[in-house]
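Residue numbers (the numbering used here), protein chains in the order written: chain Z, -3 to 529; chain U, 334 to 477.
Okay, so here's the structure we're looking at.
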Amino acid sequence: MAEQQRVPLPGSDKQPVRGAEPLGDLHPTERLEVTLQLRPRDAHELAARVDGLAARRPDILSREEFGQQFGTDPADLAAVVAFARDNGLVVVDASASTRTVVLSGTVAQLSAVFGVSLAAYAHPDGGTFRGRQGPIYVPPALANVVQGVFGLDDRPAARPHLRRLSELEGIEILAKKPRASFSPIQISQLYDFPSGATGQGQCVGIIELGGGFRTADLKTYFQQLGLQVPTVVAVSVDHGRNQPAGPNSADAEVMLDIEVVGAVAPGVKIAVYFAPNTDQGFIDAITTAVHDTVNRPSVISISWGAPEVQWTQASLKAMDQAFQAAAALGVTVYCAAGDNGASDFPAGPGQQPGNHADFPASSPHVVGCGGTAITVTNNAITREVVWNDTGDGATGGGFSAVFPTPTWQTTLQGGQGGKRGVPDVSGDASPLTGYAVRVDGQSEVIGGTSAVAPLWAGLTALLNNKLGKPLGFANPVLYGLAPSSGAFVDITQGNNNGFNAGTGWDACTGLGRPDGAKLLAAIASRPAAVAAP
Amino acid sequence: MAARAIGPTHPDERIELSVLLKPPRQLEELEARLDQGLPPLSREEYAVRYGADPADVARVEAFARAHGLQVIESSPARRTVRLAGTAGDVAALFGTQLVEYRSAEGTRFRAPTGPIHIPDELEDVAQAVFGLDTRPVARRRALG
Chain Z
-3 MAEQQRVPLP GSDKQPVRGA EPLGDLHPTE RLEVTLQLRP RDAHELAARV DGLAARRPDI
57 LSREEFGQQF GTDPADLAAV VAFARDNGLV VVDASASTRT VVLSGTVAQL SAVFGVSLAA
117 YAHPDGGTFR GRQGPIYVPP ALANVVQGVF GLDDRPAARP HLRRLSELEG IEILAKKPRA
177 SFSPIQISQL YDFPSGATGQ GQCVGIIELG GGFRTADLKT YFQQLGLQVP TVVAVSVDHG
237 RNQPAGPNSA DAEVMLDIEV VGAVAPGVKI AVYFAPNTDQ GFIDAITTAV HDTVNRPSVI
297 SISWGAPEVQ WTQASLKAMD QAFQAAAALG VTVYCAAGDN GASDFPAGPG QQPGNHADFP
357 ASSPHVVGCG GTAITVTNNA ITREVVWNDT GDGATGGGFS AVFPTPTWQT TLQGGQGGKR
417 GVPDVSGDAS PLTGYAVRVD GQSEVIGGTS AVAPLWAGLT ALLNNKLGKP LGFANPVLYG
477 LAPSSGAFVD ITQGNNNGFN AGTGWDACTG LGRPDGAKLL AAIASRPAAV AAP
Chain U
334 MAARAIGPTH PDERIELSVL LKPPRQLEEL EARLDQGLPP LSREEYAVRY GADPADVARV
394 EAFARAHGLQ VIESSPARRT VRLAGTAGDV AALFGTQLVE YRSAEGTRFR APTGPIHIPD
454 ELEDVAQAVF GLDTRPVARR RALG
């Protein structure tokens, strides 16, 4: 970028938040979206019209008329778009009628372009935010065109999120405003996933019981992350199909799963098995994926489930047998452990008393994936605890009522009723420290244990590359690693409203979250299995 | 999940069933392989060794055709035979009645009333039959 002259944008000066404590610089490659508000085409006439309305001369315009008369001058829009592109920013959206241009760029790019210095701060009332001080700068030619730049900082406008959460209970989308978000690439860096592998040659299967993906969104998402767009194929099971359904649909699940796998392991082929959300559909999707001789997935990710007690014995048996087949075929299966704490039921009618493990995560032939919440300072995790956003989701975890303690768990938990414990592993899942993804043309921050299954699936594709053979049935391997290997970072703080975290395996976060490089080293140094006689 | 009955499933409605066949040999053998940490089987090896017995597949297919059902596909590896027929034929075959419901969330599904009677000819070879009951089973675990 050439050295360019800049002038301060009037009214953009920000004073420091009193009592906020600087936590350090933001990671320069973190991506942000900012919204530029442009001047209207005819500001004087608009002002006169608003005055007229105030004087009770009702002369209301249609949205179309308004857009034509008072939208942005196309020349202004073009100038802003050109300015953004010249500076390497991605134009996410440009609308003449709303007079807005949405731009995406890294912290480093946006800081340079707008002459600001962004940093992380701890809010005196709790939580963290991205802040800046002083004015925003724009080129002189745009000084009159751009009226405001929003989104460089995300400091709370009023009180901290935690308090607002309780005030807004029931308004899920608003309540879940994140205090931090991360691209899956950042999470993979924070967890030190192995470098020098992309998952090339591996296929990751993803089971979806609704929703769909749009190729244009995937292209935009991966290009914005600077990654190749992975090959994604949709496999129809029992007439299920790739069917994007719009906002607040299962599209969020589908996109989260694909984008996390693809960002962690951009060289993989992703096969998405779409099936109806019935026991028939779920079982058929699993058996189709496991025995798929066309795509041959070596890893399968499942982010759908229900409390064990809600399944029929026939369904539990059929699905567990399918996972047993996967294990025998050397296919690693990851399942989300649930988002409703130890109860596994959302509060409200239909909630059953007591603690419940989530199925399919409780199958002993899959790796159950629990959730954590992370605090990141200076591009490193400074704190990681059990995901439990009081009243707003917590990791599933506990003990199966169906499956007995597997051989690889016997040393961990005598006296636990002789049942399989879940989860086995964990990773960042709090929506408040969630994953930046793209869904139905929008940027969203999504969490839940749904994110952890594809995170581990992507990691496993990398491990398979590095090991030169599939990890396969993972639980005996993972539980057999020495704690001194550092393969897992033990999560010892927090609870899921039923079980407490502690040293070693626990029913909140299992063995812990991965340290990817050490996990690889520990697995690679295991003695080879004795060949069959 | 409170659901409201809408009425009987139309007897001409097409229904698809997935018949899961019994394993040809004890799956404990497979578990022992896992316990011993033996190398994985190929998909092709698995299908031959642990897939459905071709004779069982043939029996299910013949039974289905004899009762006016269509065979959509058979996968020995998945131990699955998929059948299609009218709701009237299927309900009669399994000694049940099928009813349409709408869930509190607005999802329409069907479920059999009362127990299902697996016909004797199937009982010998089938572990389970799925598809009579289409109520939603799973929730997604993404929060945003």
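Beta carbons are placed, not taken as given, at the ideal position from N, Cα and C, and that holds for glycine.
Since the structure is predicted, the reported quantities are computational estimates derived from the model, not experimental observations.
Nearest-angstrom Cβ-Cβ length linking Arg468 (chain U) and Ala437 (chain U), presumed shorter than 8 Å: The pair is not a contact, with the Cβ atoms about 12 Å apart (cut-off 8 Å).
field: Residues that Phe463 (chain U) contacts on chain Z, provided the C-beta gap is smaller than 7 Å
entry: Asp275, Gln276 and Ile279
Proximal residues to Phe442 (chain U) (C-beta, below 6 Å), its chain only, five neighbours per side dropped: Tyr434, Thr467 and Arg468
field: 7 Å Cβ shell around Gly498 (chain Z) - same chain, five flanking residues per side excluded
entry: Thr488
query: Since Asp335 (chain Z) contacts Gly444 (chain Z) with CB under 8 Å, what's their CB separation in whole angstroms?
result: 5 Å
query: Quick one: what does DSSP say Ala327 (chain Z) is sitting in, helix, strand or coil?
result: Reading off the sequence shown, one finds Val at residue 327 (chain Z), where the question assumed Ala. Note: Val327 (chain Z) maps to coil in three-state DSSP.
message: What would DSSP say about Thr403 (chain Z), mapped onto helix, strand or coil?
response: helix
message: Going by DSSP in three states, Pro450 (chain Z) sits in which element: helix, strand or coil?
response: helix
- request: List the residues of chain U whose Cβ lies closer than 9 Å to the Cβ of Asp234 (chain Z), in chain order.
  value: Glu349, Ser351, Arg415 and Gly464
Length at least 3, wholly inside the segment 429 to 476 of chain U: the beta strand (DSSP E) runs in chain order: 430 to 436, 441 to 446 and 459 to 463
- request: Output the residue ranges of the alpha helix (DSSP H) runs that lie fully inside the segment 470 to 497 of chain Z and measure 4 residues or longer, sorted by chain position.
  value: 470 to 475
message: Considering Cα atoms alone, identify which of Z:Ala369, Z:Phe79, Z:Thr373 and Z:Thr406 is closest to Leu428 (chain Z).
response: Z:Ala369
- request: Could you check which residue in U:Glu349, U:Pro409 and U:Gly421 has the C-alpha nearest to that of Gly384 (chain U)?
  value: U:Pro409
- request: Indicate the three-state DSSP secondary structure (helix, strand or coil) for Asn384 (chain Z) in the structure shown.
  value: strand
message: Tell me which residue opens and which closes the alpha helix (DSSP H) that Asp386 (chain U) is part of.
response: First-last for Asp386 (chain U): undefined, no H or E at that position.
query: Would DSSP call Val351 (chain Z) helix, strand or coil?
result: Here the sequence assigns Asn to residue 351 (chain Z), which means Val is not the residue at that position. Coil.
field: Three-state secondary structure assigned by DSSP to Ala424 (chain U)
entry: helix
message: By the three-class DSSP mapping on this structure, what secondary structure does Ala285 (chain Z) have?
response: helix
query: At which residues does the beta strand (DSSP E) containing Val295 (chain Z) begin and terminate?
result: Val295 to Ile298
Contact belief for Arg2 (chain Z) with Pro135 (chain Z) at Cβ below 8 Å, rounded distance in angstroms: 6 Å
- prompt: Using a C-beta to C-beta distance shorter than 8 Å, which residues of chain U count as neighbours of His287 (chain Z)?
  reply: Arg376, Tyr379, Ala380, Ser408, Ala410 and Arg411
field: Paired residues, beta bridge with Ser351 (chain U) - DSSP
entry: U:Arg415 and U:Phe463
query: From Asn375 (chain Z) to Thr274 (chain Z), what distance separates their C-alpha atoms?
result: 42 Å
message: I want to verify the contact list: residues of chain U whose CB lies under 9 Å from the CB of Gln299 (chain Z), in sequence order.
response: For clarity, residue 299 (chain Z) is Ser in the given sequence; the question names Gln instead. Ordered by position in chain U, the residues that pass the 9 Å Cβ test against Ser299 (chain Z) are Arg473, Arg474 and Ala475.
task: Starting from the C-beta of Gln239 (chain Z), find all residues in its chain whose C-beta is less than 6 Å away, skip the five residues before and the five after it, and write them out in chain order.
output: Gly208
task: Hey, could you find the ends of the beta strand (DSSP E) Glu440 (chain Z) is sitting in?
output: Gln438 to Ile442
Other residues of its chain near Gly490 (chain Z): CB distance less than 6 Å, five sequence neighbours each side excluded: Val381, Val382, Asn384 and Ala497
task: Would you kindly work out how many angstroms separate the C-alpha atoms of Gly410 (chain Z) and Thr505 (chain Z), rounded to a whole number?
output: Because the pLDDT at Gly410 (chain Z) is just 45, under 50, the model does not fix this residue reliably, and the value given afterwards should be weighed accordingly. Rounded to the nearest angstrom, the two C-alpha atoms are 18 Å apart.
- prompt: Looking at the unbroken alpha helix (DSSP H) that takes in Asp213 (chain Z), where does it start and where does it end?
  reply: Thr211 to Gln220
query: When you compare each of Z:Gly236, Z:Val257 and Z:Gly263 to Asp280 (chain Z) by their alpha carbons, which one comes out closest?
result: Z:Gly236
field: Cβ of Pro419 (chain Z) within 8 Å of any chain U Cβ
entry: no
- request: Note down, in chain order, every chain U residue with its Cβ under 7 Å from the Cβ of Leu325 (chain Z).
  value: Pro373, Leu374, Arg376 and Tyr379
- prompt: Just reading off the alpha helix (DSSP H) that Ser184 (chain Z) is part of, what are its end residues?
  reply: Pro180 to Leu186
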